[in-house]
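Peer 1:
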Amino acid sequence: MSEPVIRRVRHLDARYAPRPWAWAEENADRIAAHWERRLTEQPRMFNGKVLLMRDLHFDEDTFRAAYFEVDFAAFLAFKEFGFPDPAIANGFAMGALRAADGAYVLGVMGPHTANRGRIYFPAGTPDRSDLTEDGRVDLAGSVLRELREETGLGEGDVTVGEGWTIVRDGPTIAYMRPVALAESAEAARDRIRGLIAAQPDPELADIVIVREPADIDEARMPRFLLAYLRDALAQR
589 MSEPVIRRVR HLDARYAPRP WAWAEENADR IAAHWERRLT EQPRMFNGKV LLMRDLHFDE
649 DTFRAAYFEV DFAAFLAFKE FGFPDPAIAN GFAMGALRAA DGAYVLGVMG PHTANRGRIY
709 FPAGTPDRSD LTEDGRVDLA GSVLRELREE TGLGEGDVTV GEGWTIVRDG PTIAYMRPVA
769 LAESAEAARD RIRGLIAAQP DPELADIVIV REPADIDEAR MPRFLLAYLR DALAQR
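Everything in the sequence shown is counted per our numbering, starting at 589 for the first residue and increasing by one.
(1) Tell me where the alpha helix (DSSP H) around R777 begins and ends.
(2) Would you call T747 buried or exposed, if buried means 16 or more other Cβ atoms sit within 10 Å of its Cβ?
(3) Mapping the DSSP letters down to three states, classify W609 as helix, strand or coil.
(4) Across the region 727–740 and the region 680–688, are there enough close Cβ pairs to call them in contact, namely three or more that are closer than 8 angstroms?
(5) Please go through the region 626–685 and give each complete alpha helix (DSSP H) segment of 4 or more residues, from N-terminal end onward.
(6) Run the CB neighbour count on R756, radius 10 Å, all protein chains shown included, and call it buried at 16 or more, exposed below.
(7) What number of angstroms, rounded off, separates the C-alpha of E800 from the C-alpha of D819?
(8) Let me make sure I understand the geometry here. Which of I754, A762, P714 has the alpha-carbon closest to that of D649?
(9) Please state whether the Cβ-Cβ distance between A822 and E591 is less than 8 angstroms.
(10) Use the C-beta contact count for E614: other C-beta atoms within 10 angstroms, 16 or more gives buried, fewer gives exposed.
(11) Report yes or no: is there a C-beta of chain C within less than 8 angstroms of the C-beta of E738?
(12) Report the rounded CA-to-CA distance for D715 versus R736, giving the unit in angstroms.
(13) In or out: V767 buried (at least 16 other Cβ within 10 Å) or exposed?
(14) Should L813 be labelled buried (16 or more other beta-carbon atoms within 10 Å of its own) or exposed?
(15) Alpha carbon to alpha carbon, what distance is there between R706 and E806?
(16) Taking its Cβ as the centre, do 16 or more other Cβ atoms sit within 10 Å of R695, making it buried, or is it exposed?
(17) Would the region 598–614 count as touching the region 625–634 if we require 3 or more Cβ pairs under 8 angstroms?
(18) Any contact of the region 660–669 with the region 784–803, i.e. 3+ C-beta pairs under 8 angstroms?
As structure tokens, this is what we get:
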């Protein structure tokens, strides 16, 4: 398997372009059976709507893509079957939370989520709430929405940087945007722990700090995140 590829751009141009998905239609029975099995493991999962990506390409300093809507059950099966449709990708925005002392602050997904126990920056597959009236997918807005939903931090608690780091690991494409905290990593961790403890149904189970390569958890972090952190720490 090839290593993840990292590329930096100034802009994202993501458009909503609905279309049928032949793979999901042809595999409807397999998808339904897979969803029933997963519900026995994690019964609190919800089969809402999410956006998947197609027609992606780089255009100088801009990354462009089209998105269409699918059931979460179809997306989950697509992902866990090994991404069998090569024309489709999972593209999502992440806020790379960095504390004032240079350390990164990440969350551990809760036991009721599809990615339980995995470690990520705040993120989520785009959905209808990320669509604008003019047909764009607001990925910059998605960064702030997911940050608020997962950590309890609002726009006034952080400073969002410019540009994007695109990390592609095959059909998984993460758009990483720098998000700065004005406090130390330990202070941020304690504050976020308090915020998620007050949430009625938190997505995160805990907060972890990555200050140096030895803090990277290869077992619980996905490949694209390992690549991003190693690159970011090396540049620092």
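Using N, Cα and C, we set each Cβ at its ideal position, and we do this for glycine too.
Peer 2: Let me lay it out:
(1) 773–785
(2) exposed
(3) coil
(4) yes
(5) 660–668
(6) buried
(7) 11 angstroms
(8) I754
(9) no
(10) exposed
(11) Here there is only one protein chain, and chain C is not present.
(12) 16 angstroms
(13) buried
(14) buried
(15) 10 angstroms
(16) Position check: residue 695 holds Gly in this sequence, whereas Arg was assumed. Classification for G695: buried.
(17) no
(18) no
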